[in-house]
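Numbering (this note's numbering), first residue to last: 2 to 423.
Don't be surprised by glycine CBs; every beta carbon is placed ideally from N, CA and C.
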Amino acid sequence: MSLREEDSGAASDRYARGMPPWEAGDGWNGPPWARGWADGTFDGARDGRRFRASARFRLLAPVVLSLLVQVPAAIGIAIFTNVGWTAGLLQVLLAAVGPLALLGARRWPGVTVAVVAAAALADVVLVPVAGPPYLALAFAIVIAVARGAVAWAVAAVATGWVAAVVLVSLWGEPWHPVRVAFTTLALAACFGIGAFVRTRAERMRHYRAEALQRRRTAEERERVRIARELHDVIGHALSQINVQASVGLHLMDRDAEQARTALANIKQTSKTALEEVRSVLGAIRSDADAPLSPQAELAELPRLVAGVTTAEFEATLDDRLGGDAPGRAVQFAAYRIIQEALTNIVRHARATHAVVAIERVGDELRLEVVDDGSWLPAASGEGSGILGMRERAALLGGTVEVAQLPDRGTRVEARLPWRATP
């Protein structure tokens with residue numbers, strides 16, 4: 002038996018919290034006894050190691066066990082019945098043929114069960130009174146049924162068993178009805194065991210396929226989460242840097258102090274963006290030493306709003322929460338939605354002013370970002386980061402609506418459950 006040691010782990014998507022994506026819970030939906038079999042292993046020790054029988058072991062075990070039972074029994078019966086050297090040698094050879102034929106059972110289960118049944122029939126006809134226990138036939142039946150060669154098994158066993166009963170009755174003393182009934186039940190039990198093994202194997206394949214699909218889904222969800230985080234962080238930072246660089250170039254000759262302020266803002270924005278990117282990548286690696294940027298929460302909104310303000314564009318924050326704050330997951334989603342809305346305004350709207358309003362209405366956190374810029378046609382669909390904002394809200398049971406104002410500008414309104422958890 003070969004030994005395989007594996008690290009076991011669990012993963013769950015903690016995207017909406019802004020946390021690393023790994024925590025307790027693996028989403029297993031199958032029965033507890035099948036958990037280890039879902040990846041082809043089974044728990045074999047309390048220390049966490051897992052054992053799996055090798056393919057060679059599974060092939061040779063029935064062969065060796067059948068040989069150890071049948072050959073010594075055939076030798077003993079030949080000596081006890083005093084059948085002579087020729088008949089005794091033939092009986093021993095027939096006792097070995099069946100087990101050796103099992104070597105081909107995994108590749109040719111139907112042919113194998115037919116060969117083993119024929120060898121068993123020959124052995125019964127040769128010594129009809131007391132033959133060795135033909136364990137190889139039981140293994141051949143179970144393997145054939147488990148591998149789908151049911152027709153071969155039924156035809157070979159039924160033909161061999163009927164022929165054995167008839168030939169023994171014609172050439173010698175008929176078997177006692179109890180012996181016939183017991184042997185028939187034993188053969189039927191072998192078919193039942195084979196059917197059980199086949200059903201269990203199919204169930205394990207189903208569980209493994211489900212586990213693989215869940216793993217792929219989790220990986221895809223995590224890739225989307227990482228892409229969205231990097232898009233929000235890098236996109237917002239580059240938009241700010243672009244605006245501040247334009248301001249600096251415009252004022253370099255006329256107002257050196259304002260140009261210096263723009264360059265300082267570029268430095269701070271790029272530093273913050275690098276910290277946030279490192280934080281995201283550190284969460285992916287589960288690196289405890291990874292540098293952590295300021296958490297994306299409502300307390301950071303003044304810094305976010307101030308960061309997009311320039312000489313040509315002013316953003317203001319209307320915070321009506323009065324110090325009250327929802328859970329971390331809601332704060333994270335709200336921060337990212339506002340960040341993406343401001344990024345869209347800076348990049349596309351050509352606005353001069355934007356207002357960010359945030360308040361609690363009943364059991365909802367309501368966000369509103371209004372600008373006086375041009376209407377974005379893409380905002381009516383899923384472009385300009387709208388899809389990402391809506392997905393963030395939907396994960397918490399909230400909504401995001403984007404509308405064109407009657408005169409000029411765009412309004413982004415988000416509603417998030419106050420006590421929502423991802």
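Check your understanding: Where does Ala429 sit, in a helix, a strand or coil, going by DSSP?
Key -> With the chain covering only 2 through 423, there is no way to say anything about residue 429.
Review point. Would the region 145 to 160 and the region 185 to 197 be scored as touching if the rule is three or more Cβ pairs under 8 Å?
Key: yes
**Study point:** Straight-line Cα distance separating Leu417 from Gly399
**Key:** Working through the sequence shown from its first residue, we reach residue 399 at position 398. Working through the sequence shown from its first residue, we reach residue 417 at position 416. Each residue's alpha carbon lies about 4 Å from the other.
**Study point:** Per DSSP, the bridge partner or partners of Leu318
**Key:** Position 317 of the sequence shown, counting from 1, holds the residue named residue 318. In the DSSP output, where bridge partners are listed per residue, Leu318 has Val357.
Point to revise | Whole-angstrom distance between Leu94 and Val181, CA atom to CA atom | key: The residue labelled residue 181 in the question sits at position 180 within the sequence shown. The residue labelled residue 94 in the question sits at position 93 within the sequence shown. Answer to the nearest angstrom: the Cα atoms are 25 Å apart.
Review point. If we ignore side chains and look at the alpha-carbon of each, how far apart do Tyr336 and Ile242 end up?
Key: Taking the sequence shown and counting its residues from 1, one reaches residue 336 at position 335. Taking the sequence shown and counting its residues from 1, one reaches residue 242 at position 241. Answer to the nearest angstrom: the Cα atoms are 20 Å apart.
Practice item. Confirm, please, whether the CB-CB distance from Ala326 to Leu299 is below 8 Å. Key: For this step, residue 299 is matched to residue 298 along the sequence shown. For this step, residue 326 is matched to residue 325 along the sequence shown. Closer than 8 Å, so yes.
**Study point:** CB contact below 8 Å: Ala404 versus chain B
**Key:** Of the protein chains in this structure there is only one, and it is not chain B.
Exercise for review: Take the Cβ of Phe81 as the centre, count every other Cβ of all protein chains shown within 10 Å, and call the residue buried at 16 or more, exposed below.
Suggested key: For the purposes of this step, residue 81 is identified with residue 80 of the sequence shown, where counting begins at 1. Phe81 is exposed by the Cβ-count criterion.
Review point. Considering Glu313, what are the terminal residues of the beta strand (DSSP E) in which it resides?
Key: On the sequence shown, residue 313 is found 312 positions in, with the first residue counted as 1. Careful: Glu313 lies outside any beta strand (DSSP E) and carries neither H nor E.
Check your understanding: With distances taken between CB atoms, is the gap from Trp153 to Val116 smaller than 8 Å?
Key -> On the sequence shown, position 152 is the one that residue 153 refers to. On the sequence shown, position 115 is the one that residue 116 refers to. No, the pair does not count as a contact, with Cβ atoms beyond the cut-off.
Exercise for review: Mind reading off the beta-carbon distance from Asp364 to Trp419? Whole number of angstroms is fine, and I expect it under 8 Å.
Suggested key: Your numbering for residue 364 matches position 363 in the sequence shown. Your numbering for residue 419 matches position 418 in the sequence shown. Yes, they are in contact, since the Cβ atoms of Asp364 and Trp419 sit about 5 Å apart, within 8 Å.
Review point. Does the Cβ of Val309 lie closer than 7 Å to at least one heavy atom of the ligand FAD?
Key: Annotation note on the ligand FAD: not contained in the displayed structure, which lists no ligands.
Point to revise | Identity of the residue in Arg224, Thr270, Phe333 and Leu91 nearest Ala307 by Cα | key: Taking the first residue of the sequence shown as position 1, residue 307 is located at position 306. Checked all of Arg224, Thr270, Phe333 and Leu91; the closest Cα to Ala307 is Thr270.
**Study point:** Buried/exposed call for Leu122, threshold 16 Cβ in 10 Å
**Key:** Along the sequence shown, read from residue 1 onward, the residue named residue 122 stands at position 121. Leu122 is buried by the Cβ-count criterion.
Practice item. Whole angstroms is fine: what's the gap from Glu220's alpha carbon to Ala316's? Key: Residue numbering aside, residue 220 sits at position 219 when the sequence shown is read from its first letter. Residue numbering aside, residue 316 sits at position 315 when the sequence shown is read from its first letter. About 38 Å.
Exercise for review: Would you mind sorting Leu322 into buried or exposed? The rule is 16 or more other CB atoms within 10 Å of its CB.
Suggested key: Residue numbering aside, residue 322 sits at position 321 when the sequence shown is read from its first letter. Leu322 is exposed by the Cβ-count criterion.
Check your understanding: What are the partner residues of Val371, as DSSP defines its beta bridges?
Key -> For the purposes of this step, residue 371 is identified with residue 370 of the sequence shown, where counting begins at 1. Beta-bridge pairing links Val371 to Val356 and Arg412.
Check your understanding: Within 10 angstroms of its Cβ, does Arg229 collect 16 or more other Cβ (buried), or is it exposed?
Key -> On the sequence shown, position 228 is the one that residue 229 refers to. Arg229 is buried by the Cβ-count criterion.
Point to revise | Backbone secondary structure at Pro110 - three-state DSSP | key: For the purposes of this step, residue 110 is identified with residue 109 of the sequence shown, where counting begins at 1. Helix.
Exercise for review: Could you please give the first and the last residue of the uninterrupted alpha helix (DSSP H) stretch that includes Met390?
Suggested key: The count along the sequence shown starts at 1 and reaches residue 390 at position 389. Its alpha helix (DSSP H) spans residues Ile387 to Leu396.
Review point. Between the region 91 to 105 and the region 59 to 78, do at least 3 Cβ pairs fall closer than 8 Å?
Key: yes
Check your understanding: Is it right to say Phe140 is buried, meaning 16 or more other beta carbons lie within 10 angstroms of its own, or is it exposed?
Key -> Locating residue 140 in the sequence shown gives position 139, counting from the first residue. Buried is the call here.
Point to revise | Residue burial classification, Trp175 (beta-carbon count within 10 angstroms, cutoff 16) | key: Along the sequence shown, one-based indexing puts residue 175 at 174. The sequence shown places Pro at residue 175, rather than the Trp named in the question. With fewer than 16 Cβ atoms within 10 Å of its Cβ, Pro175 is classed as exposed.
**Study point:** Candidates Trp86, Leu127, Pro73 and Leu68, of which the one nearest Ala102 by Cα
**Key:** Numbered from 1 along the sequence shown, position 101 holds the residue referred to as residue 102. Closest option to Ala102, Cα to Cα, is Leu68.
Practice item. Check the DSSP bridge columns for Leu366 and list the partner residues they point to. Key: What you label residue 366 is simply residue 365 of the sequence shown in a count that begins at 1. Paired residues: Arg361 and Leu417.
Point to revise | Given Ala165 as reference, the closest of Ala202, Leu127, Thr200 and Ser55 once Cα atoms are compared | key: Against the sequence shown, residue 165 aligns to sequence position 164. Answer by Cα proximity: Leu127.
Review point. What is the DSSP secondary structure of Met205, counted as helix, strand or coil?
Key: For the purposes of this step, residue 205 is identified with residue 204 of the sequence shown, where counting begins at 1. It is helical.
Review point. Thinking C-alpha only, which one of Val347, Leu406 and Ala119 is nearest Ser247?
Key: Counting from 1 along the sequence shown, the entry for residue 247 is found at position 246. That would be Val347, whose Cα lies nearest to the Cα of Ser247.
Practice item. Report the rounded CA-to-CA distance for Thr311 versus Gly249, giving the unit in angstroms. Key: Position 310 of the sequence shown, counted from the start, is the residue given in the question as residue 311. Position 248 of the sequence shown, counted from the start, is the residue given in the question as residue 249. Each residue's Cα considered, the two are about 10 Å apart.
Exercise for review: Kindly indicate which three-state DSSP category Asp124 falls into: helix, strand or coil?
Suggested key: Here residue 124 refers to the residue found at position 123 of the sequence shown. Looking at Asp124 - three-state DSSP - the assignment turns out to be helix.
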